[in-house]
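Numbering (our numbering), first residue to last: 53 to 458. Ideal Cβ positions, reconstructed from N, Cα and C, are used throughout, including at glycine. Nothing here was measured: the structure is a model prediction, and the numbers come from that model.
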């Protein structure tokens with residue numbers, strides 16, 4: 053087990069679509085941000101070392117199970133040429149860890165530079181992992197590492213994260229993808245929605261994307277953990293999250309024999325729900341607006357307030373639906389991100405505020421539009437009929453739905 057991983061436990065076909073980056077955020081003002089084109093669910097055994105099997109046959113056994121049974125589409129690990137070949141064989145992408153001893157981004161920058169330069173345009177590489185921990189006073193150093201890697205390999209995204217969105221995340225804003233962890237179900241669920249709102253604001257300001265490091269054990273193994281984990285992903289997507297890393301693989305799978313734990317099977321179910329949308333989610337950039345309905349019950353399906361009237365979710369008191377917005381909620385309790393889609397129309401991602409109870413959602417739509425919902429089972433869009441300007445659909449417990457309007 054790596055030193056960083058031990059301390060952590062003790063404490064608690066990539067396509068690239070270029071997009072312009074502001075000159076002050078990069079050393080080279082002509083650089084274009086490399087962007088992932090699908091939502092990545094990233095498996096890892098930690099970082100700052102390498103706890104995947106050194107034996108290539110054992111590594112391949114794990115990758116095969118991750119792809120075929122777990123429905124993961126990326127892993128975080130140290131790079132070798134043979135590992136890249138194995139990942140390509142199973143359609144898996146690799147987030148290269150630049151905190152291991154061989155290619156450490158700031159302890160061994162020459163080796164890191166050499167590796168990154170050699171991986172330019174490599175089709176298996178989805179990006180580089182530069183940091184995922186508290187920063188303290190090292191924020192400027194993390195910003196330096198981001199700039200360096202962006203110079204060494206301008207064709208793949210950088211990823212850097214910290215603890216909580218108020219933990220110095222602005223130092224990471226120059227990264228192509230930034231992130232954070234707070235393990236909200238165990239350390240303070242009240243911070244969840246305000247953190248997402250803050251991450252959305254940073255991403256919009258700096259024209260980048262954000263991921264989140266999510267706990268694999270947010271609830272009791274089984275249905276509770278599945279629902280809580282799915283709720284975390286769907287509320288994140290509604291606020292613009294474009295990928296997630298799962299902490300930590302040893303809770304999901306035995307690295308020796310590759311057998312799943314129940315926690316691992318829970319996250320596999322989450323992947324089965326979310327990954328059918330992996331391309332559609334990345335066709336949308338950051339939300340142009342985030343709105344919420346009032347709620348009568350919280351994410352744990354418990355009454356809120358004194359029960360006499362609905363209340364706004366904590367941290368989203370100013371995110372209610374404007375009275376002049378052309379979608380007006382009539383029923384259901386949900387969070388909604390509003391996006392401009394590639395056809396020039398509007399897409400929305402709707403996330404259930406309740407992890408344990410379904411919602412019957414209905415909206416009055418004040419425009420003459422055609423509404424379609426993405427069906428995960430068929431991976432196709434289906435039209436939603438309108439009844440005198442009202443559309444209705446069901447939102448599963450902890451569920452999320454993507455709709456588009458033309």
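Looking at the structure shown, is residue 300 part of a helix, part of a strand, or coil, going by DSSP?
Residue 300 falls in the coil class under three-state DSSP.
If the criterion is Cβ atoms closer than 9 Å, does the pair residue 163 and residue 200 meet it?
Not closer than 9 Å, so no.
Only counting runs of 4 or more residues, tell me where the alpha helix (DSSP H) segments fall wholly within the stretch 251-329, in order along the chain.
For the stretch 251-329, whole alpha helix (DSSP H) runs of length 4 or above, ordered along the chain, are 275-290, 301-304 and 314-326.
Exposed unless 16 or more other CB atoms sit within 10 angstroms - verdict on residue 81:
Low local confidence applies: a pLDDT of 44 at residue 81 is under 50, so the model's placement there is unreliable, with the coordinate-based value given in what follows. That one is exposed.
Residue 361, DSSP secondary structure in three states:
Three-state DSSP puts residue 361 in coil, outside helix and strand.
Tell me the rounded alpha-carbon separation between residue 181 and residue 146.
Roughly 10 Å separates the two Cα atoms.
Residue 376, enclosing alpha helix (DSSP H) - first and last residue
Per DSSP, residue 376 belongs to no alpha helix (DSSP H) and is neither H nor E.
For residue 303, which residues in the same chain have their Cβ closer than 7 Å to its Cβ, ignoring the five residues on either side in sequence?
Within the same chain, residue 303 has close Cβ partners 268, 269, 313 and 315.
At what residues does the beta strand (DSSP E) containing residue 392 begin and finish?
386-392 is the extent of the beta strand (DSSP E) around residue 392.
So for residue 126, helix, strand or coil by DSSP?
Looking at residue 126 - three-state DSSP - the assignment turns out to be strand.
Could you please give the first and the last residue of the uninterrupted beta strand (DSSP E) stretch that includes residue 229?
Residue 229 -> beta strand (DSSP E) spans 229-233.
Using the Cα positions of residue 225 and residue 209, report the straight-line distance between them to the nearest angstrom.
Those two C-alpha atoms are separated by around 13 Å.
So, residue 382 versus residue 342, is the Cβ gap smaller than 9 Å?
Residue 342 is positioned such that its CB atom lies no closer than 9 Å to that of residue 382.
Cutoff 7 Å; reference residue 366; Cβ partners in own chain excluding five residues on either side
If we look at residue 366 and ignore the five residues flanking it on each side, its Cβ neighbours are 242 and 245.
Beta strand (DSSP E) segment containing residue 172, residue limits:
It is not in any beta strand (DSSP E) - residue 172 carries neither H nor E in the DSSP assignment.
Using three-state DSSP, classify residue 450 as helix, strand or coil.
Here residue 450 sits in coil by DSSP.
Thinking residue 186 and residue 215 are a contact (beta carbons under 8 Å), I'd like their distance in whole angstroms, please.
5 Å between Cβ atoms; contact.
Taking its Cβ as the centre, do 16 or more other Cβ atoms sit within 10 Å of residue 141, making it buried, or is it exposed?
Exposed.
Going by the CB atoms, is the gap between residue 328 and residue 428 shorter than 9 Å?
Cβ atoms of residue 428 and residue 328: closer than 9 Å.
Look at the alpha carbon of residue 288 and the alpha carbon of residue 266, and state the distance between them as a whole number of angstroms.
Taking C-alpha positions only, residue 288 is separated from residue 266 by approximately 11 Å.
Rounding to the nearest angstrom, what Cα-Cα distance links residue 139 and residue 394 in this structure?
About 30 Å.
Enumerate in chain order the residues of its own chain whose CB-to-CB distance from residue 330 is below 6 Å, with the five nearest sequence positions on each side excluded.
90 and 91.
From which residue to which residue does the beta strand (DSSP E) around residue 336 run?
No beta strand (DSSP E) contains residue 336, which DSSP labels as neither H nor E.
Our contact map puts residue 279 next to residue 237 with C-beta atoms below 8 Å; I'd like the distance itself, whole angstroms only.
The pair is not a contact, with the Cβ atoms about 11 Å apart (cut-off 8 Å).
Can you tell me where the beta strand (DSSP E) holding residue 416 begins and where it ends?
Run containing residue 416: 411-417, per the beta strand (DSSP E) assignment.
Nearest CA to the CA of residue 397: which residue from 419, 409 and 403?
Looking at the Cα atoms, 419 is the closest of the given residues.
Could you check if residue 292 is buried or exposed, using at least 16 other CB atoms within 10 Å of its CB as the buried criterion?
So residue 292 ends up on the buried side.
Where does residue 248 fall in DSSP's three states?
Residue 248: helix per DSSP, three-state reduction.
Can you check whether the CB of residue 454 is closer than 9 Å to the CB of residue 426?
It is a contact, given that the beta carbons lie within the stated cut-off.
In terms of DSSP beta bridges, what is residue 120 paired with?
Answer by DSSP bridge pairing: none, since residue 120 is not bridged.
Give the C-beta separation of residue 251 and residue 217 to the nearest angstrom, bearing in mind that I take them to be a contact with Cβ-Cβ under 8 Å.
Taking C-beta atoms under 8 Å as the contact rule, residue 251 and residue 217 qualify, at a distance of about 5 Å.
What are the residues that DSSP puts in a beta bridge with residue 133?
Bridge pairing for residue 133: absent [DSSP].
Buried or exposed, going by whether 16 or more other CB atoms sit within 10 Å of the CB of residue 170?
Exposed, because fewer than 16 other Cβ atoms sit within 10 Å of the Cβ of residue 170.
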